[in-house]
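Input: a single structure, listed below in structure tokens.
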Amino acid sequence: MVGTEREDESTGWSTVTDEYPIATGGSFPGKERVLAEFERMLDGDARLTMGDHCRAFEREFADYVGREYGIVTNSCTSGLETVFRALEGRGEEVIVPIQTFAANASSVLTAGYEPRFADIEPDDHNISLESVAELIGDDTAAVVAVHFAGNVCERTAELRDLCEAHDAVLIEDCSHAHGATIDGRPAGSIGHAACFSFYATKVLTTGEGGMVLTDDDELARRVAAIRNRGLDPDADDPRFTELGSNYRLSEFAAVLGRSQLEHVEAFVAYRNEIARIYDDRLSELAEQGIAEPISPPPSVRSSYWRYPVALEAGCDRTRVRDRLEAEGITIDWAYDPPLHRQPFVTDRYDTDGVASEGTAAMGRHVCLPIHRDLSLEDAKHVGERAVRAIRRARSEPTTAAKQGYESR
């Protein structure tokens, strides 16, 4: 990785930075208010965990998405696990897509369920309704729809209908989709429940953190209890009604979340500006079938957590990455290997041949940098260099071992 080493004068720690990183830890407009509140808390004038700011963040974020209840957690992984544990007795399996982070399977296993792996649509990398229809049955407790890269799954409403026909729950994984919409409806407002991540590189960040949203009062009560060591949130005395864990969020993180929420619409709008620049720079490659942005349909406003680009078969993406990194531009791809090929999964299940179409599509995409610290001029530069790197990479011979995951 190309970068420059520098010493932070405030800490004395050395860090390595890229000129054009794939993502950053985010910026905090209005940080003076944040720092003032931190100072008040450090002076002992407020609780440090699960206090007024956590409750306000839950209420404000639920209102923003249009849900009745918000339950803040210390990560999206914790949020998913609490929802799965709250569904106890509904079924034994949870259907998850292959194009997602490891937590979508690890949380299923931790909660005592068996994961089933659904294919994705090659054109947008979101979960395939047809694949879910083949997998869903009487043993299905839930289906997880991940809005990949911030592009809301077009068929979310149909997935909910399919789940209800099988007495299963649809969970929207909105880790990438803060501020994204479909037909004007916010991501996270369609499923029976939704889980958000506020990790450091997300569109809205608290460093670490997550949120569960739902309109179901019983599900909300159970999730809140499991999140807080099993303590019944409605009881007047310390009554532990669930087998719970400590998945609580600190007040410091909640302050950051409330501050970020005030600006999330501006964050998303800016990411869309960068995306339009990339669209323009890549348009000729798209017309020639060489590389095409994995763009949202007209009904969707993407949050653009990532800007994914599908490469033609035979174009070696590692060569694209190496050429760009030589110029200080970091790209990546999500996720490698796919969920069903992660070691903790293959140690437990035979997933050879599973979701072959989506697996091949995953092996042919790259993601360009897109974040609040990337200027529009920088985006033009990155887009131009990406076009050049892709053209050069496709003209070079491709190593067979780098063409996909089929041999893994």
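Each number in my numbering corresponds to the 1-based position in the sequence shown with 8 added.
Virtual Cβ for every residue (Gly too), placed ideally from N, Cα, C.
Only counting the same chain, and skipping five residues up and downstream in sequence, which positions put a Cβ closer than 7 Å to that of residue i?
| i | result |
| --- | --- |
| A232 | I79, P241 |
| H373 | I302, P316, V317, A318, L319, W341 |
| E129 | S136 |
| D127 | I106, S136, S139, A363, E365, G366 |
| H379 | A31, T32 |
Is residue i buried or exposed, if buried means 16 or more other CB atoms sit within 10 Å of its CB?
| i | result |
| --- | --- |
| L227 | buried |
| F69 | buried |
| A48 | According to the sequence displayed, residue 48 carries Arg and not Ala. With fewer than 16 other Cβ atoms within 10 Å, it is exposed. |
| K210 | buried |
| F352 | exposed |
| L221 | buried |
| G87 | buried |
| G74 | exposed |
| E273 | exposed |
| S115 | buried |
| P377 | buried |
| L421 | Outside the shown range of the chain (9 to 416) lies residue 421, about which nothing can therefore be said. |
Can you give me the Cβ contacts of residue i inside the same chain, cut-off strictly under 6 Å, excluding the 5 residues immediately before and after it?
| i | result |
| --- | --- |
| L257 | C62, V80, N82, G217 |
| Q411 | Note on Q411: pLDDT 45, under 50, position unreliable in the model; no value is reported. |
| T118 | E89 |
| A401 | C323, D324, R327, V328 |
| A397 | V328, R331, L332 |
| R279 | Y312, I378 |
| A369 | P130 |
| A111 | T85 |
| G20 | Bear in mind that a pLDDT of 42 at G20, under 50, signals an unreliable position, so the model cannot answer this. |
| A408 | Unreliable positioning characterises A408 in this predicted model, as indicated by a pLDDT of 42, which lies under 50. A coordinate reading is not provided. |
Going by C-alpha distance, which of the options is nearest residue i?
| i | options | result |
| --- | --- | --- |
| P29 | E166, D386, G371 | D386 |
| Y312 | L332, H155, R237, A318 | H155 |
| F248 | E292, A261, R229, V263 | R229 |
| G199 | P351, A44, V152 | V152 |
| E27 | V328, D381, E259 | D381 |
| F92 | L178, D131, E40, D344 | L178 |
| E40 | H373, A368, Q268, I339 | Q268 |
| V42 | F260, Q350, L251 | F260 |
| A277 | S310, E292, S291 | S310 |
| A94 | R67, P105, I234, G336 | I234 |
| G38 | L264, P377, D288, A243 | L264 |
| Y255 | V116, M219, A195, D244 | M219 |
| F125 | L290, D132, A141 | A141 |
| R314 | H186, P346, A369, R289 | H186 |
| A85 | C203, F275, H133 | The sequence as given places Thr at residue 85; Ala does not occur at that position. The residue with the shortest Cα to Cα distance from T85 is C203. |
| Y72 | A195, G97, A243 | A195 |
| T213 | H271, G97, M370 | H271 |
| R193 | A165, A208, Y207 | A165 |
| I337 | G120, K388, L167 | K388 |
| C375 | D344, E122, S197 | D344 |
| G371 | L290, A157, R168, H133 | H133 |
| Q350 | F65, A113, E66, F36 | A113 |
| A64 | I285, A44, A262 | A262 |
| A208 | F36, L384, R284 | F36 |
| I282 | S383, R266, A243, G238 | S383 |
| L251 | T108, L290, G238 | G238 |
What does DSSP give as the partner residue(s) for residue i in the beta ladder?
| i | result |
| --- | --- |
| T319 | Reading off the sequence shown, one finds Leu at residue 319, where the question assumed Thr. Its beta-bridge partners are A299. |
| E101 | E122, T148 |
| M219 | V80, F204 |
| N254 | N236 |
| C375 | P316, D340 |
| E180 | A153, A202 |
| Y4 | This structure cannot settle anything about residue 4, because the visible part of the chain is limited to 9 through 416. |
| P194 | T189 |
| S57 | According to the sequence displayed, residue 57 carries Thr and not Ser. According to DSSP, T57 bridges with S258. |
| F248 | L239 |
| I128 | I135 |
| V308 | I190 |
Excluding sequence positions up to five away, which residues of its chain have a Cβ less than 8 Å from the Cβ of residue i?
| i | result |
| --- | --- |
| E404 | D324, R327 |
| R399 | L293, I298 |
| D225 | E76, Y77 |
| D288 | G391 |
| A157 | H133, H184, I302, S310, Y312, W313, R314, Y315, P316, A342, C375 |
Can we say the segment 43 to 61 touches the segment 172 to 190, given the rule of at least three CB pairs closer than 8 Å?
no
Tell me, please, whether the segment 320 to 333 touches the segment 351 to 367 by the rule of three or more beta-carbon pairs shorter than 8 Å.
no
Take every Cβ of the segment 300 to 312, pair it with every Cβ of the segment 325 to 342, and state whether three or more of those distances are shorter than 8 Å.
no
When you compare the segment 329 to 345 with the segment 393 to 401, are there three or more beta-carbon pairs, one atom per stretch, that lie closer than 8 Å?
yes
Could you say if the segment 289 to 303 and the segment 179 to 194 meet the contact criterion of at least three C-beta pairs nearer than 8 Å?
no
Does the segment 92 to 101 come close enough to the segment 136 to 152 that 3 or more CB-CB pairs lie under 8 Å?
yes
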